[in-house]
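Numbering (the numbering used here), first residue to last: 262 to 724.
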């Protein structure tokens with residue numbers, strides 16, 4: 262009989278802002294680890310800060326995970342709904358002498374903090390009420406409940422990524438687990454929920470390491486089994502500084518709107534801090550099969566938007582043309598009218614474009630209203646001589662009975678040869694009048710996808 266405990270991981274975002282790229286990577290790593298081990302991946306919304314939490318932020322989290330295909334087991338757990346359970350555990354610790362009531366005033370706390378700063382100490386609270394009995398003056402007044410942190414020895418975090426991380430207990434202050442308004446703090450709520458959700462593995466950012474040392478003491482005080490911890494390095498900007506919006510650290514909904522594919526986002530974030538040899542591109546099945554914690558780097562990774570675009574280009578150019586058209590159509594249902602034309606040109610342009618937005622920009626010439634707008638360079642090239650060439654090409658096009666790319670190519674090459682002119686002297690003016698720019702897909706593809714009548718009409722517009 263196999264008594265092995267089922268692996269349970271969780272992603273626990275706070276709905277106080279957007280679902281940023283670092284949070285998505287944390288969710289991805291937890292999801293992959295659970296799937297790799299035939300376990301469960303749970304979602305917990307840490308909404309205890311009701312003033313800052315918003316329904317919009319919750320929806321962004323849920324929609325973002327759905328778009329990425331990071332599917333969770335069971336229904337989302339909302340931390341705020343467990344608040345009575347958190348209070349129950351706080352009072353249990355209090356009644357067992359493992360926590361105590363603290364009546365320290367704001368002035369006293371500020372004074373302690375200043376002394377700690379002066380002495381370069383991490384202990385901002387000096388344990389004033391740890392062993393002090395309240396007088397009649399304190400009774401009836403609001404108080405916090407503080408956990409009695411150990412003062413001797415050390416707390417060791419056995420970390421699957423960082424290795425063993427040691428904390429001297431005398432560097433951990435008695436921290437608040439219940440605020441004066443009766444609300445529990447993150448430090449306690451996370452432990453209680455992880456225990457009740459039977460979470461076996463916690464994978465989160467290494468900025469939580471100090472929290473983990475405190476939370477391990479709570480686990481021990483309650484005689485609860487401690488989960489395995491894996492603290493992954495944070496993502497930095499391309500300049501090595503803390504990630505911010507100026508580096509492209511925007512919400513996942515931004516990347517969706519800008520035309521990044523979910524499979525590209527997942528692949529890029531997987532490689533941002535984890536590796537499997539020199540392999541760069543992974544199918545979802547490969548991600549699940551190959552992912553492990555030992556190959557996560559200890560050093561921070563840098564967000565490189567150009568690299569992300571390169572990965573996105575790989576997925577775009579390898580995507581089925583009909584699937585790509587469906588993605589374009591999502592942006593604007595009007596594109597459905599031009600399905601045949603767009604599908605003709607997709608095989609060429611998808612190899613060069615890095616986002617769906619760029620893909621749309623590349624096909625915009627197809628559905629421009631006549632007369633199309635010419636950019637400055639396109640207008641400059643339409644000299645008197647160029648217009649003469651266009652007038653003669655137009656006559657040749659009118660004689661073409663079968664409109665397909667092979668006949669179009671042959672017609673233009675024959676025209677160039679018969680007139681003794683370079684092909685660019687034909688191609689550039691045609692490109693200008695048909696697309697409004699000098700950079701476009703192959704001129705043969707441009708003519709083919711526009712159709713004979715539209716080509717003749719656009720040439721007429723400039724003659």
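Positions of the beta carbon are idealized from the N, C-alpha and C atoms, including for glycine.
> Looking only at its own chain, which residues have a Cβ that is under 8 Å from the Cβ of residue 268, when we skip the five neighbours before and after it?
Replying inline: 294, 295, 298, 299, 300, 301, 461, 462
>> Restricting to Cα atoms, I'd like to know which of 270, 412, 365 is closest to residue 399.
In response: 365
>> Would you call the segment 375 to 391 in contact with the segment 325 to 341, where contact means no fewer than 3 C-beta pairs closer than 8 Å?
In response: no
> Is the CB-CB distance between residue 619 and residue 702 below 9 Å?
Replying inline: no
>> Quick check on residue 560: buried or exposed, where buried means 16 or more other Cβ atoms within 10 Å of its Cβ?
In response: exposed
>> In chain order, what are the residue ranges of uninterrupted alpha helix (DSSP H) at least 4 long that sit wholly in the segment 559 to 597?
In response: 566 to 578, 582 to 592
> Are the beta-carbon atoms of residue 470 and residue 429 separated by less than 9 Å?
Replying inline: no
> Which residue spans inside the segment 297 to 348 form an unbroken beta strand (DSSP E) run of at least 3?
Replying inline: 301 to 306
> Per DSSP, what kind of secondary structure is residue 467 in: helix, strand or coil?
Replying inline: helix
>> Please report the straight-line C-alpha distance between residue 262 and residue 480, rounded to a whole angstrom.
In response: With a pLDDT of 41 at residue 262, under the threshold of 50, the predicted position of this residue should be treated as unreliable, though the coordinate-derived value follows. Going by the C-alpha atoms only, they are around 29 Å apart.
> By DSSP, does residue 365 sit in helix, in strand, or in coil?
Replying inline: coil
> Can you list, in chain order, the residues of its chain whose CB lies under 6 Å from that of residue 417, leaving out five sequence neighbours each side?
Replying inline: 425, 427
> Do you know how far the Cα of residue 526 is from the Cα of residue 520?
Replying inline: 11 Å
> Which stretch, first to last residue, makes up the beta strand (DSSP E) that contains residue 424?
Replying inline: 424 to 429
> Which same chain residues, not among the five before or five after residue 340, have their C-beta less than 7 Å away from its C-beta?
Replying inline: 305, 306, 307, 308, 309, 450, 454
> For residue 535, does the three-state DSSP call read helix, strand or coil?
Replying inline: strand
> Is residue 382 helix, strand or coil when you go by DSSP?
Replying inline: coil
>> Need the endpoints of the alpha helix (DSSP H) that residue 696 sits in, please.
In response: 685 to 696
>> Using CA atoms only, rank isn't needed, just tell me which of 642, 669, 511, 582 is closest to residue 655.
In response: 669
> Can you find at least 3 beta carbon pairs, one from the segment 347 to 361 and one from the segment 533 to 541, that sit closer than 8 Å?
Replying inline: no
> What is the DSSP secondary structure of residue 643, counted as helix, strand or coil?
Replying inline: coil
>> By the three-class DSSP mapping on this structure, what secondary structure does residue 392 have?
In response: coil
>> Between which residues of its own chain and residue 677 is the CB-CB distance below 6 Å, once the five residues before and five after are set aside?
In response: 684, 687
>> By the three-class DSSP mapping on this structure, what secondary structure does residue 450 have?
In response: helix
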